[in-house]
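*Asks:* For the record, the sequence lines run as chains D and S.
Residue numbering for the first sequence follows UniProt numbering, starting at 1 and increasing by one per position.
Residue numbering for the second sequence follows UniProt numbering, starting at 1 and increasing by one per position.
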Amino acid sequence: MDAKDILGLPKTPLPIPQEKKSRPQKDSQRKPDGISREVYALTGGVAPLMPSIDVSQLKRRPPSDEKITWQWLPFTSSARKDDLQLYHWVRVVNGVPPTGDYSFAKYNKSVDVIRYTDEEYEKYLTDPKWTKEETDQLFDLCERFDLRFIIIADRFPTHRTVEELKDRYYSVSRAILVARAPSPGEVAGHPLVKEPYNVTQETERKRALSMVLSQTKHQERKDAEVLAEAKRIDESRMAARAAEEPDLPVPSDVGPESAEGAVGPGDTISPANVQAPAAAIAPSTSVIADNASTLASLRMLRVYLRTYALEQMVQAASSSAGLRTIKRVEQTLQDLGVNLKPKVPTKAVCAEHLELRKEILTLLNLQKQLQYKEAEGSSFRDGSYGDMPGTAKRSQRAADQDRTFVPDTISFGVIPGDRVVKREQKRKGPGRTSETPSSPAGAHKRPRKMKASDL
Amino acid sequence: MIDTSLSKKKDPDQPEISLPTLKSQRTKMGKSEDSEKKKIKDVEISVPIVYGNAAFWLGKKASEYQSHRWTVYVRGATNEDLSVVVKRAVFQLHSSFNNPTRVVESAPFELSESGWGEFEIAITLFFHNDVCEKPLNLYHHLKLYPEDESGPMSTKKPVVVESYDEVVFTELSESFLARVQNHPAVTFPRLPAGVTLPPSVSTEDESKKKRGDTKDHPLSQWFLNFSEADELLQLAAARQQVQAHIAKLRRQISLTDGQNQQFKPL
């Protein structure tokens, strides 16, 4: 190399053409067929080292020493009553055709329909609704059609329902079985004897099924509602029963009966009927249920402290109240000079304490109610300038805020409720442009986002 | 055998034998009370107890780590013997004590120690087999230092903190009921109709028995009195007030309703 360098001769020319040659080779290698270059690169860029399926394995047959030919040969089947000869392809091994019955003959099964003799008919099987002729025809058809009663019913000469046919067939077979049996015990295990066909039940079942199938969506929803309601009532009744409160009359007419009625044919009990009494029961029974379940869980403990029991009962009683309400109850207790936790928790004391707490809850609820009603009243009295959508809440807010806003609004001689509400709107929605008419900014002490167009 | 404590302990002035009325929901009159079934349901027995501690400052004899001598205990609310129901009491002390789990096998159920720190003591009461198989836990915060920190600490007068509570047993066995029929430590319920108990038998020789009640306990002079009468009065007064308030509100509501009716938009 160096010598050539020194001599000034160019470096071996081979590498360059070599590169050129190898590159196109590689290029064609790189370009896989069928998938894009990038996808191919995901697999690692090269073809897998080991082929997943050995191509040479495919289409390889075991070298068999037998000579196989296929011949078009006649055959007979034991399933056929005649001697008809049909032809088919047969795999012949070394010149020996296969032996044996036609391979599908074993699938030719049929039902064992019991056939009676005429004497037996006279003795056991006479029936006012069926003539011997009809019965014979029925049995013929049964045998022909392997007890496919739908088809039998179609082919039956006189008009009979499927249930009638079934009934006749099964009762006849049963009677024959029992009559022929040496002792009743032996046939007792036979399915026909054990479970007789019940016509009325079957008719009813099919009718109900078709009803359910043909129910409209509306019907379905109604039924679901009623069932849910019934379940709820049932559960609350269970809880009430556990409590065994003799004072509270637990209505027994509402409940499962209505659910059953709903699923019945045609006439459904309107859900309104069920819901109204249910709604009335629900709140009162929920309280009882709470109480009952607490008592039940306490009893389960087998030993507990009175203070613990009181805590549980208090919790149960305040379960529907929010944290703020609970705090208010406690505040009220303190104001009344009562210990939040009784110092001497005897049974009587605990009972009194619980009752007191419940009464305070009632008191607070009533206070809230009164507030509501008063606010409602004031909103009605003041009329409603576009406050129609205004709910009691908004008016109540207005009523509450009234005191602070009075100095601002009185000078305008407008109705406080109206203005204030609109201002509330503004305050709450900073992004919204105000739709109200002239509301001078000056009197309002709080900075407001107000458009110039307002003025 | 079961330790019966009957005639000797029956003090005539004990109010515990009073029969508190059971809530109607608890008494199922029609319930079967087979004599084969040992458990009587829907009857509860309550045992009023007081638990707490008394702590004496050791004054001159106090060291840095032993400044107080305290006793934690569980006693009957009227100082009756609790061993009729309690088999043993386990006091779980702070881990800095040696053998922090102290077991007391007989009445009086108490534990004395010396120390300087206040901590929570877990008291587990184990009951006799025919009473209840489950133990019950009580928690008491040991108090050594008086509330009023400015006052002088006295070696004569202990700091006493007690809590009143009642242990309620449901699912009672006949044998238990029979045993405690007339025991003053137990508030015996009114039995449902048809339940009769076998007469209780006194088996032990009275002289052999160790007194488990705390009537003459050295600390008994410091025990607090718990009277439910005061609390009941307080509660009754409060309830009256609340009920009056409720009535007033109801009147106001109906009044407002009436007023609103006139103005209701159609």
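The C-beta atom is built at its ideal place from N, Cα and C for all residues, glycine as well.
By the three-class DSSP mapping on this structure, what secondary structure does Phe91 (chain S) have?
*Replies:* Looking up residue 91 (chain S) in the second sequence gives position 91. Note: Phe91 (chain S) maps to strand in three-state DSSP.
*Asks:* Tell me whether Asn53 (chain S) is buried or exposed, calling it buried when 16 or more other Cβ atoms sit within 10 Å of its Cβ.
*Replies:* Here residue 53 (chain S) corresponds to residue number 53 of the second sequence, with the count starting at 1. Asn53 (chain S) is buried by the Cβ-count criterion.
*Asks:* Roughly how many angstroms lie between the CA atoms of Ser114 (chain S) and Leu136 (chain S), to the nearest whole one?
*Replies:* For this step, residue 114 (chain S) is matched to residue 114 along the second sequence. For this step, residue 136 (chain S) is matched to residue 136 along the second sequence. One C-alpha to the other measures close to 26 Å.
*Asks:* Indicate whether at least one CB of chain D lies closer than 8 Å to the CB of Lys134 (chain S).
*Replies:* For the purposes of this step, residue 134 (chain S) is taken as residue 134 along the second sequence, with counting starting at 1. So, interface residue.
*Asks:* Which whole runs of the beta strand (DSSP E) in the segment 299 to 326 of chain D are 3 residues long or more, in chain order?
*Replies:* Here the runs fully enclosed are 303 to 305.
*Asks:* What separation, rounded to the nearest whole angstrom, lies between the Cα atoms of Tyr65 (chain S) and Trp116 (chain S)?
*Replies:* Numbered from 1 along the second sequence, position 65 holds the residue referred to as residue 65 (chain S). Numbered from 1 along the second sequence, position 116 holds the residue referred to as residue 116 (chain S). So the alpha carbons of these two residues sit roughly 5 Å apart.
*Asks:* If we define contact as Cβ-Cβ less than 8 Å, is Lys327 (chain D) a contact residue for chain S?
*Replies:* For the purposes of this step, residue 327 (chain D) is identified with residue 327 of the first sequence, where counting begins at 1. Answer no: the Cβ-Cβ gap between Lys327 (chain D) and chain S never drops below 8 Å.
*Asks:* What is the C-beta distance between Thr346 (chain D) and Pro189 (chain S), in whole angstroms, given that I count them as a contact (C-beta under 8 Å)?
*Replies:* Against the first sequence, residue 346 (chain D) aligns to sequence position 346. Against the second sequence, residue 189 (chain S) aligns to sequence position 189. Rounded, the Cβ-Cβ distance is 14 Å, inconsistent with contact.
*Asks:* Which bits of chain S does Lys343 (chain D) rub up against, with CB to CB less than 8 Å?
*Replies:* For the purposes of this step, residue 343 (chain D) is taken as the residue at position 343 of the first sequence. Chain S residues near Lys343 (chain D): Tyr164, Phe226, Glu231.
*Asks:* For Ala105 (chain D), which of D:Thr76, D:Lys123, D:Glu195 has the nearest alpha-carbon?
*Replies:* As a position in the first sequence, residue 105 (chain D) is number 105, starting the count at 1. Checking every option, the nearest Cα to that of Ala105 (chain D) belongs to D:Thr76.
*Asks:* Any idea what DSSP makes of Lys61 (chain S), helix, strand or coil?
*Replies:* Numbered from 1 along the second sequence, position 61 holds the residue referred to as residue 61 (chain S). Helix, per DSSP.
*Asks:* Less than 8 Å between CB atoms is the rule here; does His245 (chain S) satisfy it with respect to chain D?
*Replies:* As a first step, residue 245 (chain S) is located in the second sequence; it is residue number 245 there, counting from the start. So yes, His245 (chain S) belongs to the interface.
*Asks:* Please list the terminal residues of the continuous alpha helix (DSSP H) segment that includes Pro191 (chain D).
*Replies:* On the first sequence, position 191 is the one that residue 191 (chain D) refers to. Run containing Pro191 (chain D): 191 to 194, per the alpha helix (DSSP H) assignment.
*Asks:* So what does DSSP say about Glu120 (chain D), is it helix, strand or coil?
*Replies:* If you number the first sequence from 1, residue 120 (chain D) lands on position 120. Correct three-state label for Glu120 (chain D): helix.
*Asks:* Does DSSP put Phe188 (chain S) in a helix, a strand or coil?
*Replies:* For the purposes of this step, residue 188 (chain S) is taken as the residue at position 188 of the second sequence. Looking at Phe188 (chain S) - three-state DSSP - the assignment turns out to be coil, as it is neither helix nor strand.
*Asks:* Based on Cα-Cα distance, which residue from D:Ala153, D:Lys109, D:Pro97, D:Gln137 lies nearest to Arg115 (chain D)?
*Replies:* Counting from one through the first sequence, the residue named residue 115 (chain D) turns up at place 115. For Arg115 (chain D), the nearest C-alpha among the options comes from D:Gln137.
*Asks:* Any residues in the segment 337 to 367 of chain D with a beta carbon nearer than 9 Å to a beta carbon of chain S? Which ones, in chain order?
*Replies:* Listed by position, the residues of the segment 337 to 367 of chain D near chain S (Cβ gap below 9 Å) are Gly337, Val338, Asn339, Pro342, Lys343, Val344, Pro345, Thr346, Lys347, Ala348, Val349, Cys350, Ala351, Glu352, His353, Glu355, Leu356, Glu359, Ile360, Thr362, Leu363, Leu366, Gln367.
*Asks:* Kindly list, in the order they appear in chain D, the residues whose Cβ is closer than 9 Å to that of Ala185 (chain S).
*Replies:* Within the second sequence, residue 185 (chain S) is the residue found at index 185, counting from 1. In chain order: nothing, as chain D lies at least about 15 Å away.
*Asks:* So who's on the other strand from Gln71 (chain D), going by DSSP bridges?
*Replies:* As a position in the first sequence, residue 71 (chain D) is number 71, starting the count at 1. Looking at the DSSP assignment, Gln71 (chain D) forms a beta bridge with D:Val90.
*Asks:* Assuming Asn129 (chain S) is part of the beta strand (DSSP E), what are its boundary residues?
*Replies:* Working through the second sequence from its first residue, we reach residue 129 (chain S) at position 129. Here Asn129 (chain S) belongs to no beta strand (DSSP E), and DSSP marks it neither H nor E.
*Asks:* Does the beta carbon of Asp130 (chain S) come closer than 8 Å to any beta carbon on chain D?
*Replies:* On the second sequence, residue 130 (chain S) is found 130 positions in, with the first residue counted as 1. By this cut-off, Asp130 (chain S) is not an interface position.
*Asks:* Please state the DSSP three-state secondary structure of Ala181 (chain D).
*Replies:* As a first step, residue 181 (chain D) must be located in the first sequence, where it is residue number 181. Reduced to three states, the DSSP call for Ala181 (chain D) is coil.
*Asks:* Under the DSSP definition of a beta bridge, which residues are partnered with Arg102 (chain S)?
*Replies:* Walking along the second sequence from the start, residue 102 (chain S) turns up at place 102. Paired residues: S:Phe91.
*Asks:* Starting from residue 458 (chain D), trace the beta strand (DSSP E) in both directions and tell me its first and last residue.
*Replies:* What the structure shows of chain D is the stretch from 1 to 455, and residue 458 (chain D) is not part of that stretch, so it cannot be assessed.
*Asks:* Quick check: the Cα distance between Gln201 (chain D) and Glu163 (chain D), rounded to an integer number of angstroms?
*Replies:* Counting from 1 along the first sequence, the entry for residue 201 (chain D) is found at position 201. Counting from 1 along the first sequence, the entry for residue 163 (chain D) is found at position 163. Whole-angstrom Cα-Cα distance: 10 Å.
*Asks:* Checking contacts by CB at 8 Å: is Glu174 (chain S) closer than that to chain D?
*Replies:* Position 174 of the second sequence, counted from the start, is the residue given in the question as residue 174 (chain S). No, no contact with chain D.
*Asks:* With 8 Å set as the bound, which would you pick, yes or no: does the beta-carbon of Gln252 (chain S) sit closer than that to a beta-carbon of chain D?
*Replies:* By one-based count along the second sequence, residue 252 (chain S) stands at place 252. For Gln252 (chain S), the answer is yes, since a Cβ of chain D falls inside 8 Å of its Cβ.
*Asks:* By Cβ distance below 6 Å, which residues in the same chain neighbour His94 (chain S) in space, the five residues on each side in sequence not counted?
*Replies:* Position 94 of the second sequence, counted from the start, is the residue given in the question as residue 94 (chain S). So the list reads Phe119, once near-sequence residues are dropped.
*Asks:* Looking at the unbroken beta strand (DSSP E) that takes in Arg69 (chain S), where does it start and where does it end?
*Replies:* Numbered from 1 along the second sequence, position 69 holds the residue referred to as residue 69 (chain S). Looking at the DSSP string, the run of the beta strand (DSSP E) that includes Arg69 (chain S) is 68 to 76.
*Asks:* Ordered along the chain, which non-local residues of its own chain (more than five positions away) have a Cβ less than 6 Å from that of Val168 (chain S)?
*Replies:* As a position in the second sequence, residue 168 (chain S) is number 168, starting the count at 1. Glu44, Ser46.
*Asks:* Give every residue of the same chain whose Cβ lies closer than 6 Å to the Cβ of Ser112 (chain S), excluding the five residues on either side of it in the sequence, and list them in chain order.
*Replies:* By one-based count along the second sequence, residue 112 (chain S) stands at place 112. If we look at Ser112 (chain S) and ignore the five residues flanking it on each side, its Cβ neighbours are Thr71.
*Asks:* Among the candidates D:Val187, D:Val212, D:Tyr169, D:Lys222, whose CA atom is the shortest distance from the CA of Asn198 (chain D)?
*Replies:* Within the first sequence, numbered from 1, the residue matching residue 198 (chain D) stands at position 198. Selected option, being the one with the closest Cα: D:Tyr169.
*Asks:* Report all residues from its chain with a CB closer than 6 Å to the CB of Thr170 (chain S); omit the five preceding and five following residues, and keep chain order.
*Replies:* Here the question's residue 170 (chain S) lines up with position 170 in the second sequence. Cβ within range, chain order: Glu44.
*Asks:* Could you tell me whether the segment 246 to 261 of chain S touches the segment 81 to 100 of chain S, where touching means 3 or more Cβ pairs closer than 8 Å?
*Replies:* Short answer: they don't touch.
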